[in-house]
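Line order of the protein sequences matches chains A and B.
Count along the first sequence from 1, then add 3; that gives the number in the numbering used here.
Count along the second sequence from 1, then add 3; that gives the number in the numbering used here.
Built from N, CA and C at the ideal position, the CB exists for glycine as well.
Computed from a prediction, not measured in an experiment: that's the story for all the values here.
Before any comments, here is the structure.
2 protein chains.
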Amino acid sequence: MYRAPIRELRFVLDELLAVGFLSSYAELSEYSSEVSESILGEAGRFAEEVLEPLNQSGDREGARWTPEGVVTPKGFPAAYQAFVAAGWPQLGADPAYGGQRVPQVLSTAVRELWGAANLSFKLCPMLTQGAIEALKLCGSAEQKERFLPKMVSGQWTGTMDLTEPQAGSDLAQIRTRAVPDGNQYRLFGQKIFITWGDHDCAENIIHMVLARVEGAPAGVKGVSLFIVPKILVNADGSLGAPNELRCVSIEHKLGIHASPTCMLAFGGSQGALGYLIGSANRGLEYMFIMMNAARLSVGVEGYAVAERAFQRALDWARNRVQGKPAAAPIGAPIVYHPDVKRMLLTMKSGIAAMRALALYASLQLDIAEHEPDAQRRQHAQTRADLLIPIVKGWCTEFGNELGAIGVQIHGGMGFIEETGAAQYVRDLRITTIYEGTTGIQANDLIGRKIGRDRGAAMATLLVQMRAELDQLEGSDAVMRVVKHASIEAVERLREATDSLLEAFAAGQERALAVGVPYLNLCGFVLGGWLMAKSAAIADLKRAASEREFYAAKLASTRFYAQQILPRALALARIVQSGAGSVTDSDAALI
Amino acid sequence: MYRAPIRELRFVLDELLAVGFLSSYAELSEYSSEVSESILGEAGRFAEEVLEPLNQSGDREGARWTPEGVVTPKGFPAAYQAFVAAGWPQLGADPAYGGQRVPQVLSTAVRELWGAANLSFKLCPMLTQGAIEALKLCGSAEQKERFLPKMVSGQWTGTMDLTEPQAGSDLAQIRTRAVPDGNQYRLFGQKIFITWGDHDCAENIIHMVLARVEGAPAGVKGVSLFIVPKILVNADGSLGAPNELRCVSIEHKLGIHASPTCMLAFGGSQGALGYLIGSANRGLEYMFIMMNAARLSVGVEGYAVAERAFQRALDWARNRVQGKPAAAPIGAPIVYHPDVKRMLLTMKSGIAAMRALALYASLQLDIAEHEPDAQRRQHAQTRADLLIPIVKGWCTEFGNELGAIGVQIHGGMGFIEETGAAQYVRDLRITTIYEGTTGIQANDLIGRKIGRDRGAAMATLLVQMRAELDQLEGSDAVMRVVKHASIEAVERLREATDSLLEAFAAGQERALAVGVPYLNLCGFVLGGWLMAKSAAIADLKRAASEREFYAAKLASTRFYAQQILPRALALARIVQSGAGSVTDSDAALI
């Protein structure tokens with residue numbers, strides 16, 4: 004059974020990040036630790052009671068294509084209706100369109116619960132949220148009025164339609180055509196990999212479609228963004244005739260079986276009616292607005308599913324008896340075996356580090372949006388921009404590793420589908436791919452976030468981490484170990500960053516050849532910094548209350564410092580001297 | 004399409020390990036490089052033309068349980084018959100029972116081809132082989148005569164029946180009962196996870212069953228090994244009546260769908276007839292005879308399936324065009340993207356290192372069996388014993404990592420089952436679990452192979468590696484880089500081993516808490532040693548012939564040194580200082 008990790012989330016929000024200051028911002032004045040506790044509690048119950056019970060059955064049954072449309076697994080339409088009725092889609096949305104404003108850091112915390120309980124389900128509101136963001140920032144007043152309220156309420160869902168068979172990571176190759184027809188457009192083409200592109204959970208679906216207006220320039224500079232509703236929407240907001248688009252098939256995938264991945268065909272004869280968003284040929288720019296939020300959200304999925312896998316593995320390890328663990332009595336369950344403990348602590352401490360980093364990044368978005376001081380706003384936005392590819396790339400790569408450990412802890416039973424552990428491995432596999440592969444995240448990190456400002460944003464972060472770590476005080480040997488390890492890791496990241504900047508200056512290729520190791524290095528080191536700060540808090544508080552919680556927190560931060568953070572040594576070395584082994588090697592001879 | 008990597012295998016056999024000397028052993032006098040080339044060529048064709056075409060269809064269809072017995076996927080019975088007709092089961096078997104004696108190092112090379120082309124299929128002869136080994140070494144003359152010839156020919160297959168629901172890694176908990184009945188026994192009980200425990204590919208199945216003779220001591224010291232045929236075998240070798248055992252269900256698994264994983268029920272009323280092998284209560288000892296060979300063979304699976312995944316990813320990367328890779332012309336396929344190259348080189352060089360280590364370990368078994376000098380024989384056996392848990396643990400863990408990279412290189416298409424890349428991830432997942440989890444391998448390595456002789460076998464290996472690496476000469480900067488990196492890695496392993504021995508002396512728990520990191524450290528460093536030796540050969544030969552092959556070999560050894568081997572820094576650090584973070588942590592608080 005899934006238990007929403009509310010105490011862990013509150014530790015990060017209230018203690019590590021101390022996000023209470025957000026209520027000083029006019030638009031977030033209603034925020035308080037109590038509000039956050041209550042929302043997390045309600046969300047946790049919904050995740051545990053409504054979403055989790057559909058996770059395994061949804062995986063087994065899968066979404067089904069029918070000529071009349073896609074049918075989602077038993078229970079999904081009702082769960083979605085309950086999700087809407089409880090107001091969850093509005094969480095974090097603009098009150099102007101019926102939303103309930105809460106800080107992004109809290110929305111992110113809640114998203115973990117949906118992702119952990121049911122990743123397939125979680126994708127539907129995630130994509131809708133992306134579509135909402137793009138409409139809100141780039142749509143006309145009339146478009147917003149017509150579409151946003153029902154998308155915010157969840158009555159309609161949204162999708163992002165980018166990919167075509169020849170255009171995956173490379174959106175320059177998009178061929179879907181948009182033919183002008185008065186104030187609107189007629190779309191013709193085929194899109195693949197459209198998550199929740201068709202389903203039976205809501206009455207309408209608003210597709211955000213990248214297409215090329217006839218005569219537009221080649222490449223990404225000729226791509227525009229269109230609103231293409233599944234059912235046409237009358238001026239008064241009521242539903243009209245079906246639009247000329249249909250789901251022609253759904254994919255047979257490794258995981259997220261309950262999430263329909265659709266091939267959509269636009270325009271059999273007249274063309275699907277579409278409405279241009281913003282200016283023509285700026286579609287990619289608008290799409291990246293959706294993308295940033297979606298990337299952060301996918302990063303969360305990495306540790307969300309890993310947390311679910313961890314809980315299942317822990318339950319198993321606490322009950323399964325095999326052999327006599329060293330230093331434990333006969334009959335002790337396998338959790339006492341040193342190697343099983345090691346695996347569980349790898350999962351637990353890794354998840355804690357990822358969660359802390361993703362929530363820290365989300366907090367930067369809140370500051371960037373609401374902080375009155377322009378310079379501080381800019382600083383927070385720069386920090387968030389730097390962190391988002393790291394959160395997306397590192398949390399999903401590491402999350403996959405942890406999901407596999409969850410299977411391993413189960414032994415042979417982990418390989419049996421009914422056990423449930425294997426589904427997490429299958430579901431997690433997509434997270435390093437969709438919304439931009441890890442390689443794309445690394446390119447973004449290095450090209451746009453480090454290369455463009457010559458490392459300024461990273462340098463600021465390095466200085467801050469070092470200063471904060473230097474100031475950490477602790478009462479005992481454990482704190483000294485944690486402090487020392489995290490400082491050493493920051494220094495390795497500093498050296499690696501210098502060497503990356505040199506490589507980048509000499510031509511991108513050498514930097515990109517160690518891009519993913521650099522991204523992962525950033526993740527482990529930033530995680531180490533936040534875990535060290537967590538350790539100091541736990542060290543201080545453990546004498547006073549919740550002894551077990553803080554003792555466990557301290558133990559897992561120590562584990563992170565001694566068993567996870569050493570990876571920074573390897574990754575820094577690879578960044579510093581590994582590039583030539585890629586760039587000098589002849590691709591034709593691989 | 005799978006292309007059996009014959010040139011790579013011959014490089015390891017003929018150039019790196021120079022196994023030609025094996026023909027100086029009387030029993031292997033027919034071995035030559037030409038014989039090996041011809042066998043590898045034939046096996047490669049069989050793998051490519053018969054086994055590979057059934058891999059994806061077998062996965063999709065899966066084995067099916069019926070009341071009349073298990074039905075394997077379409078094409079499997081015919082493929083198995085062709086496998087028998089071609090004489091493949093006899094390869095490496097004792098000529099006394101109809102086998103065709105070839106060195107184990109060649110059998111291991113051939114096993115890679117079966118595993119790469121069709122892992123599900125490969126398991127059937129692997130288990131049969133294990134049963135043959137146990138019978139050959141521990142069975143009576145009469146038992147051998149009755150069962151071995153038809154098992155060696157492949158006319159009958161074999162299984163190893165260890166696991167029961169409460170007895171997975173812990174065989175002390177076995178409950179299956181054996182009741183004496185004259186010279187034979189009647190078995191009652193249930194076994195689970197029996198690979199190829201029932202099927203329609205051969206006329207009989209010889210089960211090797213662990214059970215407890217009534218009144219035997221508790222624990223592993225009361226476990227005996229029995230021959231339990233599916234169909235009873237008359238004294239003249241002809242088939243008699245069905246035995247009292249049946250397959251009651253098969254598992255629904257993450258992968259290896261075409262390999263039936265059976266639950267077997269022995270003895271509904273009279274009991275299943277069984278014949279004791281060797282002495283009562285020594286079953287576990289005998290089972291370990293099968294186990295060692297099976298563990299080596301499962302280690303091979305790790306890189307075999309990774310090689311198949313590599314080939315598919317490489318084919319994709321050479322044809323898929325997305326974006327303009329840095330330093331390559333427009334229209335260049337994704338293999339030119341630095342990060343895709345990095346991923347492909349990670350797979351290629353990792354596979355080469357694992358293959359070299361597994362074949363090196365197999366060669367030790369040949370020397371241990373055939374070398375006339377007793378001291379050298381013992382030395383080789385000790386070396387093989389040390390290496391087998393490393394081959395099993397490291398090659399399967401690393402193989403899983405590489406299989407996942409294969410999916411990643413495909414981007415979104417990798418997640419679609421029809422692409423075929425995802426199956427390798429699903430199939431590989433079992434390899435770190437069956438025939439002893441990685442944790443069990445690490446316990447074996449540390450407890451039996453390092454702890455018992457206080458590191459003597461490992462010290463000898465360390466001295467040899469260092470001496471060989473010191474002597475490497477190379478003409479250019481690449482060789483210097485490779486030599487330096489591999490020597491540094493050996494030194495890290497030496498320090499880590501010292502620290503492990505200290506921990507072990509102070510009580511096993513601390514050593515076991517870093518057992519898996521130590522095992523992986525051994526794998527990466529030993530791989531680095533063999534890759535450095537490979538580099539020296541390639542460096543020497545590349546001017547003379549096959550320039551492209553040797554240039555590619557040198558490039559991949561350099562990549563290994565600069566992008567893979569740095570992991571030794573992290574792992575050594577974890578071994579040296581990570582144990583306390585596990586042992587001091589309270590398992591009840593995880």
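Cross-chain neighbours of residue i in chain B, by beta carbon under 8 Å
i	result
A:Glu145	Neighbours of A:Glu145 on chain B: none; closest Cβ ~35 Å, over 8 Å.
A:Asn403	Ala407
A:His255	Ile419, Glu420, Glu421
A:Gly61	Neighbours of A:Gly61 on chain B: none; closest Cβ ~16 Å, over 8 Å.
Contact list for residue i against chain B, beta-carbon separation under 9 Å
i	result
A:Ala171	Inspection of the sequence shows that residue 171 of chain A is occupied by Gly rather than by Ala. Arg323, Gln325, Gly414, Gly415, Met416, listed in chain order.
A:Lys344	Ala516, Val585, Thr586, Ser588, Ala590, Ile593
A:Ala558	Ser584, Asp587, Ser588, Asp589, Leu592, Ile593
Where residue i falls: helix, strand or coil (DSSP)
i	result
A:Thr594	Limits of chain A in this structure are 4 at one end and 593 at the other, which puts residue 594 of chain A out of reach.
B:Asp201	coil
B:Ser32	coil
A:Val251	strand
B:Ala268	strand
B:Leu279	strand
B:Val236	strand
A:Arg285	coil
B:Thr179	coil
B:Met4	coil
N- and C-terminal bounds of the alpha helix (DSSP H) containing residue i
i	result
B:Thr463	459-474
B:Lys125	122-141
B:Met154	144-156
B:Leu504	480-508
B:Ala85	79-88
A:Val585	583-586
Beta-carbon gap between residue i and residue j smaller than 8 Å
i	j	result
B:Ala119	B:Val308	yes
B:Ile280	B:Gly142	yes
A:Tyr188	A:Phe229	yes
A:Tyr5	A:Arg321	no
B:Asp203	B:Cys265	no
B:Ile9	A:Gln411	no
B:Leu248	B:Val236	no
A:Leu360	A:Gly530	yes
A:Leu213	A:Asn121	no
A:Ala82	A:Val73	no
B:Tyr427	B:Gly415	no
B:Phe79	B:Gly61	yes
A:Val585	A:Pro520	no
A:Val485	A:Ala535	yes
A:Arg407	B:Gln511	According to the sequence displayed, residue 407 of chain A carries Ala and not Arg. In this structure, B:Gln511 does not lie closer than 8 Å to A:Ala407 by Cβ.
Where residue i meets chain B, residues with beta-carbon distance less than 7 Å
i	result
A:Lys351	Ile593
A:Ile433	Phe418
Near the ligand COA: residue i beta-carbon under 7 Å from a heavy atom
i	result
B:Ala134	Inclusion of the ligand COA in the displayed structure is not the case, the ligand content being empty and no account of it being possible.
Enclosing beta strand (DSSP E) for residue i [first to last residue]
i	result
A:His210	207-216
B:Pro245	242-245
A:Arg10	Element bounds for A:Arg10: not the beta strand (DSSP E) but the alpha helix (DSSP H), 9-13.
Proximal residues of chain A, C-beta to C-beta of residue i below 7 Å
i	result
B:Gly477	Within 7 Å Cβ-Cβ: nothing; B:Gly477 doesn't reach chain A, min ~15 Å.
B:Lys570	The displayed chain sequence assigns Arg, not Lys, to residue 570 of chain B. Neighbours of B:Arg570 on chain A, chain order: Ala573.
(request) Return the chain-ordered ranges of every alpha helix (DSSP H) run that is complete within the segment 526-571 of chain A and spans a minimum of 4 residues. (result) 550-562
(message) To test your reading of the DSSP string, which unbroken alpha helix (DSSP H) runs of 4 or more residues are found completely within the segment 295-344 of chain A?
(response) none
(message) Which complete alpha helix (DSSP H) runs does the segment 355-431 of chain B hold, if anything under 4 residues is left out?
(response) 377-412, 424-431
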